[in-house]
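Going line by line, the protein sequences match chains E and C.
Mapping of the first sequence onto my numbering: residues 1 to 263, in sequence order.
Mapping of the second sequence onto my numbering: residues 264 to 478, in sequence order.
See structure below.
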Amino acid sequence: DQEVSSGSGPHCSKLCLANKLSASRLPQDERKPCILVDSHEITSGLEVISSLRSTHGFHVEVCPLNVCDYIVSNRMVVERRSRSDMQNTVNKSKFVEQIQCLKSMFERICVIVEKDREKPGDTSRIFRRTKSYDSLLISLIGAGIRILFSSCQEETADLLKELCLVEQRKNAGIHIPVLLNSKHCEALPFYLSIPNISYITALNMGHQFPSVKKMANSSPEEISMYAQVTHQKAEEICRYIHYVFDIQMLPSDLNQERLKSDA
Amino acid sequence: MDWNPADGTGPVHVPLGHVVANEKWRGSQLAQEMQGKIKLIFEDGATLADFYLSSRSCILYITEADLVAGNSYRKRLVRVRNSSTLQGIVVVEKTGMSEQYFPAVQKFTVLDLGMVLLPVASQREASCLIVQLVQEQAREPSRNPFLRKRRSVLSEASLVRTVQQIPGVGRVKAPLLLQRFSSIQRLSNASTQELEPVVGQAAAQHIHAFFTQLR
């Protein structure tokens with residue numbers, strides 16, 4: 001029973017409704033586990049996606065996540081990296097920047113280091129362990145980031161499945177229908193524009209708050225409960241919602257534009 | 264030299280820049296490779312781990328033979344996991360022969376026990392890795408690039424971007440709205456009448472609907 005997702009259409013909204021109804025009734029383990037996948041993985045990790053869907057029976061939702069590869073729970077993000085990418089020192093600063101960005105959005109981060117696919121006769125890809133590769137791994141460990149090693153895309157899918165199940169057992173599983181109706185969709189970009197908010201947090205907000213006004217007038221406790229975030233994160237969101245705007249502090253290019261339009 | 268409880272999970276004293284190694288590694292390739300770069304102290308007796316990097320962190324080394332032999336290594340991992348004072352890093356020999364057992368080790372170590380796992384192809388690779396681990400631990404944590412804080416963007420610019428996500432509000436109206444209502448929370452509570460003088464009638468209705476519409 002594979003689903004056609006990432007698309008829209010009437011049957012999707014029906015599915016969304018069915019999910020909504022069943023979510024409250026079915027015990028946790030009977031529900032299909034859900035995982036969010038960034039759209040660029042369709043080209044780079046097609047076998048991961050199809051394996052998750054067909055072998056493991058996951059509900060895989062392709063979304064424009066942009067900053068990350070997979071979201072497996074309300075708090076956990078997974079980055080899939082090829083081993084040659086990790087070896088390549090040219091990519092290091094970009095990778096560091098990306099992980100820092102993810103750290104501002106997610107409580108837990110996991111990196112799956114996947115072995116590159118070998119072409120017969122291609123010897124250029126022979127893996128030679130370097131000092132910088134070791135140092136990268138050690139730095140990741142030091143920052144509390146989990147690392148898993150995979151030999152192929154199928155194994156990566158299996159690891160994602162396991163991570164998802166562990167997170168579900170810890171009550172952090174994704175429980176909302178990812179396909180939102182058009183009214184939800186309107187609020188999603190608004191929630192996504194809040195600094196350091198993950199796609200799943202924005203989805204949770206869009207789904208759990210009856211209106212944007214209700215969200216904007218919520219206490220940190222309510223935000224923490226509905227958006228499924230830590231108390232600290234909820235306070236950060238609350239501070240942003242209540243932040244008093246000062247036009248003088250606006251970066252000059254934006255401000256200039258405004259003055260021009262005033263004149 | 265130190266007090267050790269019977270199960271070997273007690274604290275082990277590790278002098279700075281040294282590694283305390285289990286006696287069984289004496290003369291091994293792994294120990295020899297390391298000895299050129301760091302000082303090893305061999306300790307006899309009921310130590311649980313193979314190497315102690317500090318009194319709080321240790322390395323559990325699973326050889327190719329351990330893997331092929333079965334699951335006996337698991338008991339050792341669990342004992343370190345259950346000790347409250349010791350952080351264990353598991354280094355496992357992943358070779359052509361032991362490769363098939365690796366997924367099971369990884370699942371058990373990382374997903375079930377929540378410990379760190381690092382595969383190596385040989386004792387030589389392991390020695391390089393352990394030496395780097397020791398050097399890294401001696402460093403300031405702020406040297407770790409992943410622990411550095413990102414520069415935060417000024418809230419004013421993000422606020423304008425957020426308000427721009429409201430249907431009907433662009434780069435001109437967004438700062439005007441924020442100037443008049445000062446925060447997103449106050450803006451969300453503005454009535455159509457209050458909004459009208461700032462953005463006009465049509466936009467005022469859009470904005471009000473956006474905030475109050477039930478989803």
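Note that beta-carbon positions come from the ideal geometry of N, C-alpha and C, so glycine has one too.
Supposed close pair residue i, residue j - CB separation, criterion 8 angstroms
i	j	result
alanine 157 (chain E)	threonine 89 (chain E)	So it is not a contact: roughly 29 angstroms between Cβ atoms.
isoleucine 322 (chain C)	valine 354 (chain C)	6 angstroms
isoleucine 241 (chain E)	isoleucine 447 (chain C)	5 angstroms
glutamate 327 (chain C)	threonine 358 (chain C)	5 angstroms
cysteine 152 (chain E)	lysine 115 (chain E)	7 angstroms
asparagine 74 (chain E)	isoleucine 174 (chain E)	6 angstroms
isoleucine 99 (chain E)	phenylalanine 409 (chain C)	5 angstroms
asparagine 204 (chain E)	tyrosine 226 (chain E)	7 angstroms
Chain-ordered neighbours of residue i on chain E, where CB pairs are closer than 9 angstroms
i	result
alanine 420 (chain C)	Met249, Leu250, Pro251, Leu254
proline 430 (chain C)	Glu186
asparagine 452 (chain C)	Lys213, Ala216, Asn217
7 angstroms Cβ cut-off: residues of chain E touching residue i
i	result
phenylalanine 314 (chain C)	Residues of chain E passing the Cβ test: none, with the nearest at roughly 15 angstroms.
threonine 425 (chain C)	Phe190, Ser193, Ile194
isoleucine 447 (chain C)	Ala216, Ile241
leucine 392 (chain C)	Asp134
serine 320 (chain C)	Correct list: empty, because the minimum Cβ distance to chain E is about 10 angstroms.
Contact check, residue i vs residue j, beta carbons under 8 angstroms
i	j	result
alanine 172 (chain E)	serine 451 (chain C)	no
isoleucine 301 (chain C)	valine 397 (chain C)	yes
glutamine 442 (chain C)	phenylalanine 190 (chain E)	no
glutamate 351 (chain C)	valine 341 (chain C)	In the sequence under discussion, the amino acid at residue 351 (chain C) is glycine, which differs from the glutamate named in the question. It is not a contact, given that the beta carbons lie outside the stated cut-off.
leucine 440 (chain C)	valine 416 (chain C)	no
glutamate 356 (chain C)	valine 383 (chain C)	yes
valine 277 (chain C)	leucine 316 (chain C)	yes
isoleucine 200 (chain E)	leucine 36 (chain E)	yes
glutamate 111 (chain E)	glutamate 79 (chain E)	Rather than glutamate, the amino acid found at residue 111 (chain E) in this sequence is valine. For valine 111 (chain E) and glutamate 79 (chain E), yes; Cβs fall inside 8 angstroms.
valine 77 (chain E)	cysteine 63 (chain E)	no
serine 390 (chain C)	glutamate 306 (chain C)	no
methionine 86 (chain E)	leucine 159 (chain E)	no
proline 210 (chain E)	cysteine 238 (chain E)	no
glutamate 61 (chain E)	cysteine 101 (chain E)	no
arginine 413 (chain C)	serine 104 (chain E)	yes
isoleucine 429 (chain C)	phenylalanine 473 (chain C)	yes
alanine 467 (chain C)	leucine 458 (chain C)	yes
glutamine 386 (chain C)	lysine 131 (chain E)	no
leucine 250 (chain E)	valine 379 (chain C)	no
leucine 293 (chain C)	aspartate 134 (chain E)	no
Reduced DSSP category for residue i - H, G, I as helix; E, B as strand; rest coil
i	result
phenylalanine 106 (chain E)	coil
alanine 437 (chain C)	helix
serine 5 (chain E)	Low confidence applies here, because serine 5 (chain E) scores a pLDDT of 42, under 50, leaving its location unreliable; read the following figure in that light. Here serine 5 (chain E) sits in coil by DSSP.
tyrosine 315 (chain C)	strand
alanine 23 (chain E)	Reliability of the predicted coordinates at alanine 23 (chain E) is poor, the pLDDT of 44 falling under 50, and no value is obtained from them.
valine 462 (chain C)	helix
glutamate 30 (chain E)	For glutamate 30 (chain E), the pLDDT reaches just 46, beneath the cut-off of 50, and the residue's location in the model is therefore unreliable, leaving the point undetermined.
aspartate 158 (chain E)	helix
glutamine 295 (chain C)	helix
alanine 266 (chain E)	This structure gives no information on residue 266 (chain E), because the portion of chain E shown stretches from 1 to 263.
tyrosine 243 (chain E)	coil
serine 175 (chain E)	The question names serine, yet the displayed sequence has histidine at residue 175 (chain E). Three-state result, histidine 175 (chain E): coil.
leucine 52 (chain E)	helix
glutamate 235 (chain E)	helix
valine 275 (chain C)	coil
cysteine 101 (chain E)	helix
cysteine 321 (chain C)	strand
alanine 227 (chain E)	coil
glutamine 476 (chain C)	coil
aspartate 134 (chain E)	helix
cysteine 152 (chain E)	coil
Chain C contact residues for residue i, given Cβ-Cβ distances below 9 angstroms
i	result
asparagine 101 (chain E)	The sequence shown places cysteine at residue 101 (chain E), not asparagine. The answer, in chain order, is Arg413.
arginine 129 (chain E)	Val383, Ala384, Glu388, Cys391, Leu392
glutamate 155 (chain E)	Pro366
Chain E residues whose Cβ lies nearer than 8 angstroms to that of residue i
i	result
glutamate 399 (chain C)	Ser135, Ile138, Ser139, Gly142
glutamine 442 (chain C)	Phe245, Ile247
phenylalanine 409 (chain C)	Val96, Ile99, Gln100, Lys103, Ser139, Leu140, Gly142, Ala143, Ile145
glutamine 395 (chain C)	Lys131, Asp134, Ser135, Ile138
Closer than 7 angstroms at the beta carbon, the chain C residues around residue i
i	result
leucine 148 (chain E)	Gln369, Val373
serine 211 (chain E)	Phe474, Thr475, Gln476, Leu477, Arg478
glutamate 41 (chain E)	Correct list: empty, because the minimum Cβ distance to chain C is about 21 angstroms.
serine 219 (chain E)	The contacting residues do not exist; serine 219 (chain E) stays about 12 angstroms from chain C at best.
glutamate 114 (chain E)	Those within 7 angstroms of glutamate 114 (chain E) in chain C number zero; the least Cβ separation is about 13 angstroms.
Contact list for residue i against chain C, beta-carbon separation under 8 angstroms
i	result
lysine 161 (chain E)	In chain order: nothing, as chain C lies at least about 10 angstroms away.
arginine 80 (chain E)	Within chain C, no residue comes near arginine 80 (chain E); the closest Cβ sits about 15 angstroms away, beyond 8 angstroms.
valine 166 (chain E)	Leu374
Any non-hydrogen atom of the ligand MN within 7 angstroms of residue i CB
i	result
methionine 378 (chain C)	Only the bare structure without any ligand can be found here, which leaves the ligand MN out of the picture.
Discussion item. Which complete beta strand (DSSP E) runs does the region 373–459 of chain C hold, if anything under 3 residues is left out?
Written reply: Within the region 373–459 of chain C, the complete beta strand (DSSP E) segments at least 3 residues long are 379–383, listed from N- to C-terminus.
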